[in-house]
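Notes for the one structure printed next.
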Amino acid sequence: MMFLHDKPMPPSSPHCSPHRWHGLELHGLTLHFAGATGRASSRGFPGEIWRGLLGQALSRAVCSYPHANCHNCVLLSGCAYPALFKPLDATRLPPFWPHGWQAADRGWHVGLRWLGKQDYALSQWLSALARPSTRGEKSTEQHFLGAPVRLEKASHALTGETLWTPHRQWQNLPQPLPLPAPLPEEAATQGCRVRFLTPLVSKHEGDPLYGALHTRVQRLVQAHGDGQTLSRPDRPWQCRVLGQQPLKKQLARRPLQGTLWEVALTDIAPEALTLLTVGQELHAGGQTTSGCGQYQLLPLAATTEKTGTTSTSY
């Protein structure tokens with residue numbers, strides 16, 4: 004969804020991977036918004052703004068009360084808002100995250116990913132994004148970059164086929180997305196590059212990627228998958244930092260302090276290669292509900308370009 008300068012590393016066979024991995028079933032859409040255009044303010048982070056807009060729309064769609072009070076709500080057990088967007092248990096990762104955003108001629112395209120079917124809330128959620136906010140007698144437009152935005156359609160995350168519009172509703176229901184296909188076996192020895200498209204937020208030291216990736220995916224498997232413990236090889240890979248761009252922003256909810264990394268990986272253990280592959284969709288690190296931790300895998304060739312910092316190995 005971001006503007007990319009390199010072509011991702013090709014899979015061994017396109018779209019042939021299973022729809023489930025450790026019990027995780029991935030779904031996704033591309034949301035097409037009309038309205039605000041241009042670049043995001045340097046004081047904000049687009050993913051955090053989209054998160055707020057999406058969350059407010061879901062709350063409007065499913066909450067029966069003027070002011071949400073989830074902890075004391077008698078309808079809590081069947082409500083989509085805490086189940087999908089903001090769990091009451093702060094240690095439980097939400098099964099939702101934005102997956103890239105891109106400015107278009109008349110608005111924005113925003114990727115959306117979630118785990119499990121969640122069909123019971125999706126129609127209401129999309130309808131709420133396509134109309135102004137209404138509370139009581141007041142009607143308030145949703146805003147991004149200071150301008151009103153509204154959802155025009157939702158399309159298939161991979162093919163671009165239109166699946167939903169405000170007037171016709173569902174033309175085709177979204178089906179589970181295939182998780183990224185396994186990388187070629189030679190990638191384990193020849194290596195690959197990892198380029199972050201959004202900041203990685205992590206407190207792990209040393210290798211910037213493995214701990215942040217393993218921790219997030221393990222928590223997703225525990226909360227929304229089969230609950231198994233993922234293997235953790237002593238030496239998952241050799242990591243060499245090619246470039247890094249720190250990013251600090253003071254946001255409304257909490258500060259964003261992350262880094263756009265580019266690293267070269269070689270001697271990749273088989274279990275780590277699988278984790279690296281699925282992480283392209285599942286993201287790594289923290290603040291993923293604001294779209295952080297998204298990366299792409301690229302061929303290892305031409306690693307001398309745009310390094311920007313002193314090379315460091317782990």
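Quick note, the sequence shown lines up with residues 4 to 317 if you use the numbering used here. We put the beta carbon where it would ideally sit given N, CA and C, even for glycine.
**Spatial neighbours of Q178 in its chain, beta-carbon cut-off 6 Å, leaving aside the 5 residues before and after** = Nothing listed; no residue qualifies.
**Asked** What are the partner residues of F99, as DSSP defines its beta bridges?
**Response** Beta bridge pairing from DSSP links F99 with W117.
**Message:** Are the CB atoms of C295 and V220 within a distance shorter than 8 Å?
**Reply:** Not a contact, by the Cβ cut-off of 8 Å.
**Cα-Cα separation between G228 and L29, rounded to whole angstroms** = Going by the C-alpha atoms only, they are around 11 Å apart.
**Prompt:** Per DSSP, what kind of secondary structure is G289 in: helix, strand or coil?
**Reply:** G289 falls in the strand class under three-state DSSP.
**Inter-residue spacing [alpha-carbon to alpha-carbon] between T168 and E155** = Going by C-alpha positions, T168 is about 6 Å away from E155.
**Asked** Looking only at its own chain, which residues have a Cβ that is under 7 Å from the Cβ of A304, when we skip the five neighbours before and after it?
**Response** Excluding sequence neighbours, A304 sits near nothing in its chain.
**Request:** Pull up the distance between the alpha-carbon of Y298 and that of V113, whole angstroms please.
**Result:** When rounded, the distance between both Cα atoms is 16 Å.
**Contact under 8 Å by Cβ, V281 with L212** = No, the pair does not count as a contact, with Cβ atoms beyond the cut-off.
**Asked** Which residue comes first and which comes last in the beta strand (DSSP E) that contains L145?
**Response** Contrary to the premise, residue 145 reads as Gln rather than Leu in this sequence. Boundaries of the beta strand (DSSP E) around Q145: Q145 to F147.
**Item:** For R243 and E208, the rounded distance between their alpha carbons
**Value:** For E208 and R243, the distance between alpha carbons rounds to 14 Å.
**Asked** Does DSSP classify H25 as helix, strand or coil?
**Response** Looking at H25 - three-state DSSP - the assignment turns out to be coil, as it is neither helix nor strand.
**Asked** What are the uninterrupted segments assigned as alpha helix (DSSP H) that are 4 or more residues long and contained completely in the segment 47 to 111, given in chain order?
**Response** Runs of the alpha helix (DSSP H) inside the segment 47 to 111: 49 to 65.
**Nearest candidate by alpha-carbon position, reference Q193, set A275, A106, A64 and I271** = The residue with the shortest Cα to Cα distance from Q193 is I271.
**Request:** Output the distance between the C-alpha atoms of L216 and L233, rounded to the nearest integer angstrom.
**Result:** Between L216 and L233, the C-alpha separation is close to 12 Å.
**Item:** Nearest candidate by alpha-carbon position, reference T33, set A106, E274, L254 and P239
**Value:** For the residues A106, E274, L254 and P239, the minimum Cα distance to T33 belongs to A106.
**Request:** Write down the C-beta distance between T269 and P249 rounded to the nearest angstrom, noting that I regard them as a contact closer than 8 Å.
**Result:** The pair is not a contact, with the Cβ atoms about 25 Å apart (cut-off 8 Å).
**Prompt:** Excluding the five sequence neighbours on either side, which residues of its own chain have a C-beta within less than 6 Å of the C-beta of V152, listed in chain order?
**Reply:** These residues qualify, in order along the chain: F36, G38, A39 and Q145.
**Message:** Does H18 pass the burial test, meaning 16 or more other C-beta atoms within 10 Å, or should it be called exposed?
**Reply:** In this prediction, H18 scores a pLDDT of 34, lower than 50, which makes its location untrustworthy; the coordinate-derived value is nonetheless stated afterwards. Around the beta carbon of H18, fewer than 16 other beta carbons sit within 10 angstroms, so the residue counts as exposed.
**Prompt:** Span of the beta strand (DSSP E) holding T165?
**Reply:** It spans T165 to T168 - the beta strand (DSSP E) in which T165 sits, taken as one unbroken run.
**Message:** Among the candidates T165, R54 and W111, whose CA atom is the shortest distance from the CA of A150?
**Reply:** Ranking T165, R54 and W111 by Cα distance to A150 puts W111 first.
**Asked** Between T223 and L118, which are expected to be in contact by the criterion C-beta below 8 Å, what is the C-beta distance as a whole number of angstroms?
**Response** It should be noted that the sequence gives Leu, not Thr, for residue 223. Going by Cβ atoms, the distance from L223 to L118 rounds to 7 Å, so yes, they are a contact pair.
**Message:** Out of W24, D210 and D122, which one is the CA nearest neighbour of V197?
**Reply:** In this structure, D210 is the residue among W24, D210 and D122 with its C-alpha nearest to the C-alpha of V197.
**Asked** In angstroms, rounded to a whole number, what distance separates the CA positions of E140 and H70?
**Response** Note that E140 scores 45 on pLDDT, short of 50, meaning its location in the model is unreliable and no value can be drawn from it.
**Request:** State the CB to CB distance for the pair L276 and L186, rounded to an integer number of angstroms; the pair is presumed to be in contact (CB under 8 Å).
**Result:** That pair is a contact at about 6 Å.
**Asked** Do you know whose CA, among E188, A160 and A184, lies nearest N175's CA?
**Response** When only C-alpha atoms are compared, the closest one is A160.
**Message:** Less than 8 Å between C-beta atoms, sequence neighbours within five positions excluded: which residues of the same chain meet that for H25?
**Reply:** For H25, where only same-chain residues beyond five positions count, the Cβ hits under 8 Å are V224, G228, D229, Q231 and L233.
**Message:** Buried or exposed for H74, going by 16 or more other Cβ atoms inside 10 Å?
**Reply:** By the neighbour-count rule (16 or more Cβ atoms within 10 Å), H74 is not buried but exposed.
**Asked** Taking the alpha-carbon positions, what's the G55 to R116 distance?
**Response** Here the C-alpha atom of G55 lies approximately 15 Å from the C-alpha atom of R116.
**Message:** In chain order, what are the residue ranges of uninterrupted alpha helix (DSSP H) at least 4 long that sit wholly in the segment 156 to 244?
**Reply:** Listed in chain order, the alpha helix (DSSP H) runs fully inside the segment 156 to 244 are 189 to 193 and 213 to 227, counting runs of at least 4 residues.
**Prompt:** Thinking just about the alpha-carbon of each residue, which of F88, S158 and A93 is nearest to the one in A124?
**Reply:** When the alpha-carbon of A124 is set against those of F88, S158 and A93, the nearest one is in F88.
**Request:** Could you check how far apart the C-beta atoms of A157 and L166 are, in whole angstroms? I think they sit under 8 Å.
**Result:** Correct: roughly 6 Å between the Cβ atoms.
**Local Cβ density within 10 Å of A60, reported as buried at 16 or more and exposed below that** = Flag for A60 reads buried.
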